[in-house]
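Below is one structure, written out as structure tokens; the observations come after it.
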Amino acid sequence: MPLKKYAVFSSHHRAASIPLRINAYDAPFGPTRWAATFSDMTPTELVTAFTTALAAAHAQGRDAFLHGPDHSPLGAVEPLLVQD
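Following this line, the structure appears as structure tokens:
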């Protein structure tokens with residue numbers, strides 16, 4: 001069974017506020033690592049550029065593009081916690 005790194009969800013319903021959503025995962029059935037959503041107001045060129053870049057990176061096996069570097073969840077506040 002292939003390891004799924006991302007999933008594409010599409011809604012063709014007129015009432016859907018987010019007709020296209022792309023989620024990246026570390027492992028099948030794992031938590032979402034990142035997500036991109038596109039509404040019906042998103043320019044087609046932007047969606048095309050995003051999905052083209054994603055497909056090219058996937059073809060090259062570049063997991064860094066899908067997952068990015070690991071960061072501490074406290075990275076944004078760690079400088080504030082340093083005591084002088």
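Using the UniProt record's numbering, read the sequence shown as starting at 1 and increasing by one per residue.
Think of the CB as a built atom: it goes at the ideal place given N, C-alpha and C, for glycine as much as any other residue.
This one's a predicted model, so the numbers in the text were calculated from it and none came from an experiment.
- In the structure shown, ALA53 adopts helical secondary structure according to DSSP, grouped into three states.
- Excluding residues up to 5 positions away in sequence, LEU20, PHE38 lie with their Cβ nearer than 8 angstroms to the Cβ of VAL47 in the same chain.
- Of the other Cβ atoms in all chains shown, 16 or more fall within 10 Å of the Cβ of ALA24; this residue is therefore buried.
- Across the structure, ASP26 and ALA36 are spaced so that their CA atoms are roughly 16 angstroms apart.
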